[in-house]
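Visitor: Order-wise, the sequence lines are chains A and B.
Numbering follows UniProt numbering, in which position 63 of the first sequence is assigned residue number 63; successive positions increment by one, without gaps.
Numbering follows UniProt numbering, in which position 172 of the second sequence is assigned residue number 172; successive positions increment by one, without gaps.
All C-beta atoms, glycine included, are put in the ideal place defined by N, C-alpha and C.
There are 2 protein chains.
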Amino acid sequence: MGMHEFQIIQSYFTSPPLRADLGVGDDCALFRVTQGHQCAVTSDMLVAGRHFFWDVDARTLGHKALAVNLSDLAAMGAEPLGFTLSLALPAVSEAWLADFSGGLLNLAREFNCDLIGGDTTKSVASLEHNGLVINITAFGQVPAGAAIRRDGARVGDDVWVSGTLGDAACALALLLRERSGEVLSVAEALALTALRPRLECPMPRVALGAALRGVASSMLDLSDGLAGDVRHVLQASNADVEIDCDALPLSSPLKNLNLEQECPLWHAWRDALTGGDDYELCFTAPVTQRDVLAALSIHVGVPLTRVGRVVEREGEAPNVLWRSENSPEGLVHMSEWRGYNHFS
Amino acid sequence: MGMHEFQIIQSYFTSPPLRADLGVGDDCALFRVTQGHQCAVTSDMLVAGRHFFWDVDARTLGHKALAVNLSDLAAMGAEPLGFTLSLALPAVSEAWLADFSGGLLNLAREFNCDLIGGDTTKSVASLEHNGLVINITAFGQVPAGAAIRRDGARVGDDVWVSGTLGDAACALALLLRERSGEVLSVAEALALTALRPRLECPMPRVALGAALRGVASSMLDLSDGLAGDVRHVLQASNADVEIDCDALPLSSPLKNLNLEQECPLWHAWRDALTGGDDYELCFTAPVTQRDVLAALSIHVGVPLTRVGRVVEREGEAPNVLWRSENSPEGLVHMSEWRGYNHFS
């Protein structure tokens with residue numbers, strides 16, 4: 001690398017703060033929280049070889065490292081203010097640093113969110129481990145008491161999701177096959193091209209999250225798949241949920257790939273329900289809010305889909321009932337596709 | 001390891017928040033900043049094999065990981081509010097987790113500072129690299145406009161330091177020799193026992209930092225040695241500085257070790273000036289504040305020592321003039337001890 005820590009920070013990670021009072025360069029950064037607001041904080045650590053490929057494009061990596069944190073702020077209904085970045089760096093090139101910080105700071109500017117501090121250190125690497133570790137802690141603000149938490153879902157509420165589900169999971173599965181040397185079919189290659197940005201450049205639903213304050217009763221962002229993530233809401237809200245699989249919002253590329261491969265639709269559901277990296281919002285809202293949500297969806301420009309409803313807790317542990325008109329008994333058994341590999 | 005991320009967080013890193021509105025368990029944590037205050041933020045990443053020994057005691061590691069961040073808050077005059085913790089974990093035992101979180105949360109309680117969120121992930125490790133990475137982002141609050149920044153030093157101001165300097169550096173040098181198989185002399189072994197807590201369990205000068213608001217004109221914490229760190233103040237404040245080496249505060253164990261080994265005093269100065277990990281505060285203050293500082297030192301219970309003064313900038317780059325009555329020309333040349341190894 002050859003560059004000293006201070007040079008790296010000065011060259012690639014210092015931009016004049018848009019709203020913070022004091023940015024990079026002192027013992028601490030300083031920012032203000034608007035009166036009557038709470039500060040919201042979230043933190044994510046990404047490890048090379050675990051959360052991303054060693055050789056992923058540095059620009060998309062910079063984008064995604066910040067995007068996943070802004071998605072957490074969105075999921076509370078918070079407005080981004082700033083973030084800190086810590087990097088354990090292997091011997092990377094200046095070109096890599098320029099791309100990484102470019103992707104990162106572009107997204108930051110888009111959301112008026114300042115890089116206000118952090119830490120840069122040389123990592124300990126070995127042949128099979130390049131040692132890159134990225135940690136971002138993001139700060140936002142939300143009017144006091146208006147944050148949309150996981151524990152507010154009430155029996156009878158609708159369950160909603162934004163955008164489409166399963167795109168990133170499908171892209172990842174195709175990418176893994178391609179990297180292992182397999183030749184993809186034309187349909188698969190087309191699907192990968194269409195869906196890859198959903199895996200590598202997710203756009204956090206910040207405006208939607210803020211617009212849902214006072215409308216949604218509970219919310220989280222989908223990072224590990226709806227099937228698992230919705231249980232966090234149920235756990236916090238002490239309820240169960242019914243999901244209508246026929247209603248799950250699927251993108252055209254994902255649906256088309258299933259049709260081409262003559263797979264039953266639930267192969268796409270598996271991506272939509274158990275795949276990670278959606279970074280869509282999942283929220284509950286009273287039935288009385290349906291008209292408001294229809295208008296809000298158009299205003300924010302993000303499709304919203306009603307996929308289920310909150311029901312009374314039956315047992316000890318949170319339970320999700322998966323329904324489908326296309327299934328003989330009207331019920332889908334998750335175990336049917338657990339462990340099934342669509343692409344093998 | 002065998003434990004799932006959620007279990008680890010629940011078992012070891014969840015304690016009811018003392019002051020935050022919402023702690024671990026949602027997409028974000030929530031806390032309030034007192035009206036009329038700014039939020040101060042700092043972040044530090046520690047990598048095993050670079051910042052600490054693989055086999056360091058987990059309890060002291062947990063303590064130190066938080067202490068270095070609280071020291072940054074102290075250096076702004078900020079009061080700690082909370083922190084997030086991100087861990088990339090190799091296959092560590094539950095005993096390790098219990099010790100690490102114990103050391104961490106003990107210190108957190110002492111400063112009324114909540115662990116309110118973070119991330120736990122499995123690291124990518126190899127034989128020569130156990131892969132443990134720790135990132136803490138700490139935030140505090142300070143009355144708006146009262147933060148003590150690096151850019152406030154004025155020509156004529158005194159330069160002060162808290163506590164004693166060089167203890168951690170001396171302990172580290174002795175420890176490295178011991179680990180390499182050398183047998184320490186009795187004097188050295190005694191010095192190591194006395195100074196080791198200064199290396200492994202530094203106590204951040206939080207109360208002192210806050211008490212210096214309105215008194216100090218600039219401040220930072222000493223993590224890389226006074227000789228290097230003071231240049232950050234000079235850079236930001238556009239000034240030079242004269243340091244009186246004879247005035248440097250040295251602990252008895254450090255002085256005694258030098259006497260026993262019949263080393264000239266400047267061997268101890270080298271530790272005091274170029275060694276890291278002091279976590280003392282270095283600040284400037286107008287001459288008119290000397291009496292206030294004498295009283296404040298007694299009130300807070302931390303020794304303060306006047307070690308120099310701020311002078312007009314002479315050249316382009318910041319310059320430090322090292323003075324000593326014991327030196328023939330009254331000047332000490334840093335280059336004399338650059339690269340010199342006290343212990344070899």
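Using a Cβ-Cβ distance cut-off of 8 angstroms, determine whether L61/A contacts chain B.
Guide: Taking the first residue of the first sequence as 1, we reach residue 61/A at position 61. Not closer than 8 angstroms to any Cβ of chain B, the Cβ of L61/A fails to qualify, so no.
Visitor: Which residues mark the beginning and the end of the alpha helix (DSSP H) in which H51/B is found?
Guide: As a working mapping, residue 51/B is identified with position 51 in the second sequence. Note, H51/B: premise wrong, no alpha helix (DSSP H); not H, not E.
Visitor: Out of R149/B, I134/B, D291/B, point me to the one whose CA is closest to K122/B's CA.
Guide: What you label residue 122/B is simply residue 122 of the second sequence in a count that begins at 1. If we check each option's Cα against that of K122/B, I134/B comes out closest.
Visitor: Nearest to D246/B by CA position, among V186/B, R270/B, P253/B, T137/B, is which residue?
Guide: For the purposes of this step, residue 246/B is taken as residue 246 along the second sequence, with counting starting at 1. Comparing Cα-Cα distances from D246/B to each of V186/B, R270/B, P253/B, T137/B, the minimum goes to R270/B.
Visitor: Looking at the C-beta of R50/B, does it have a partner C-beta in chain A at a distance below 8 angstroms?
Guide: Numbered from its first residue, the second sequence carries residue 50/B at position 50. Closer than 8 angstroms to some Cβ of chain A, the Cβ of R50/B qualifies, so yes.
Visitor: Name, in chain order, the residues that DSSP records as bridge partners for residue 351/B.
Guide: Coverage of chain B is limited to positions 1 through 344, which leaves residue 351/B absent and any answer about it impossible.
Visitor: Can a CB atom of chain A be found closer than 8 angstroms to the CB of N135/B?
Guide: Against the second sequence, residue 135/B aligns to sequence position 135. Yes, contact with chain A.
Visitor: Tell me which same chain residues have a C-beta within less than 7 angstroms of the C-beta of G140/A, skipping the five on either side of it?
Guide: Position 140 of the first sequence, counted from the start, is the residue given in the question as residue 140/A. These residues qualify, in order along the chain: A40, L73, A78, E79, P80, L81.
Visitor: Answer yes if the stretch 188–208 of chain B comes into contact with the stretch 155–168 of chain B, meaning at least three C-beta pairs across the two stretches below 8 angstroms, and no otherwise.
Guide: yes
Visitor: Give a yes or no on whether the minimum CB-CB distance between F53/A and chain B is below 8 angstroms.
Guide: Mapped onto the first sequence, residue 53/A falls at position 53. Not flagged as an interface residue toward chain B: F53/A, since no C-beta distance is shorter than 8 angstroms.
Visitor: Does any residue of chain B have a CB that is nearer than 8 angstroms to the CB of K122/A?
Guide: Numbered from its first residue, the first sequence carries residue 122/A at position 122. Output row for K122/A: interface = yes.
Visitor: When DSSP labels each residue in this structure, what does I9/A get in the three-state scheme?
Guide: Your numbering for residue 9/A matches position 9 in the first sequence. I9/A falls in the helix class under three-state DSSP.
Visitor: Using a Cβ-Cβ cut-off of less than 8 angstroms, list which residues of the stretch 26–38 of chain B approach chain A; keep chain order.
Guide: Cβ contacts with chain A: D26, D27, C28, A29, L30, F31, R32, V33, Q35, Q38.
Visitor: Within 8 angstroms of any Cβ in chain B, is that where the Cβ of E336/A sits?
Guide: As a working mapping, residue 336/A is identified with position 336 in the first sequence. Residue placement at E336/A is flagged as unreliable, the pLDDT there being 48, under the threshold of 50; a coordinate-derived value is accordingly withheld.
Visitor: Name the chain A residues whose beta carbon is nearer than 8 angstroms to that of D44/B?
Guide: Taking the second sequence and counting its residues from 1, one reaches residue 44/B at position 44. Under the 8 angstroms cutoff, chain A gives S86, D119.
Visitor: Could you check where the alpha helix (DSSP H) with R231/A kicks off and where it finishes?
Guide: Numbered from 1 along the first sequence, position 231 holds the residue referred to as residue 231/A. Where R231/A is concerned, the enclosing alpha helix (DSSP H) stretches over 226–237.
Visitor: Could you tell me the boundaries of the alpha helix (DSSP H) in which P197/B lies?
Guide: If you number the second sequence from 1, residue 197/B lands on position 197. P197/B -> alpha helix (DSSP H) spans 186–200.
Visitor: Going straight from the alpha carbon of R50/B to that of L89/A, what length do you get?
Guide: Locating residue 50/B in the second sequence gives position 50, where the first residue counts as 1. Locating residue 89/A in the first sequence gives position 89, where the first residue counts as 1. Cα to Cα, R50/B sits roughly 12 angstroms from L89/A.
Visitor: Quick one, are the C-beta atoms of T164/B and S71/B less than 8 angstroms apart?
Guide: The residue you call residue 164/B lines up with position 164 of the second sequence. The residue you call residue 71/B lines up with position 71 of the second sequence. For T164/B and S71/B, no; Cβs fall outside 8 angstroms.
Visitor: Could you list which residues in chain A have their beta carbon closer than 9 angstroms to that of A95/B, in chain order?
Guide: The sequence position of residue 95/B within the second sequence is 95, counting from 1. Those within 9 angstroms of A95/B in chain A number zero; the least Cβ separation is about 23 angstroms.
Visitor: Specify whether the stretch 232–248 of chain A and the stretch 153–161 of chain A touch according to this definition: at least 3 beta carbon pairs, one from each stretch, less than 8 angstroms apart.
Guide: Of all C-beta pairs linking the stretch 232–248 of chain A to the stretch 153–161 of chain A, three or more are shorter than 8 angstroms, placing the two stretches in contact.
Visitor: Starting from G62/A and walking both ways along the alpha helix (DSSP H), at which residues does that stretch end?
Guide: Residue 62/A sits at position 62 when you count from the first residue of the first sequence. First-last of the alpha helix (DSSP H) with G62/A: 58–74.
Visitor: Measure from the C-beta of D277/B to each C-beta in chain A and report whether the shortest distance is under 8 angstroms.
Guide: The residue labelled residue 277/B in the question sits at position 277 within the second sequence. It does not; no Cβ of chain A falls within 8 angstroms.
Visitor: Out of curiosity, what's the CA-to-CA distance linking R179/A and N106/A?
Guide: To locate residue 179/A, count along the first sequence from 1; it is residue 179. To locate residue 106/A, count along the first sequence from 1; it is residue 106. Using only the alpha carbons, I get a separation of about 28 angstroms.
Visitor: By the 10 Å Cβ neighbour count, where 16 or more other Cβ atoms means buried, how is D291/B classified, buried or exposed?
Guide: Counting from one through the second sequence, the residue named residue 291/B turns up at place 291. That one is exposed.
Visitor: For the stretch 237–263 of chain B, enumerate the residues whose C-beta is nearer than 7 angstroms to any C-beta of chain A, in chain order.
Guide: none
Visitor: If you run the structure through DSSP and keep just helix, strand and coil, what is T14/A?
Guide: By one-based count along the first sequence, residue 14/A stands at place 14. DSSP, reduced to helix, strand and coil, places T14/A outside both helices and strands of the structure shown, so it counts as coil.
Visitor: Nearest-angstrom Cα distance between L304/A and L190/A?
Guide: Counted from its first residue, the first sequence places residue 304/A at position 304. Counted from its first residue, the first sequence places residue 190/A at position 190. C-alpha separation (whole angstroms): 26 angstroms.
Visitor: Do three or more CB pairs link the stretch 143–151 of chain A to the stretch 109–124 of chain A at distances below 8 angstroms?
Guide: no
Visitor: Could you tell me the alpha carbon to alpha carbon distance between A207/A and R309/A, rounded to whole angstroms?
Guide: In the first sequence, counting from the first residue as 1, residue 207/A sits at position 207. In the first sequence, counting from the first residue as 1, residue 309/A sits at position 309. Rounded to whole angstroms, A207/A to R309/A spans 24 angstroms at the Cα level.
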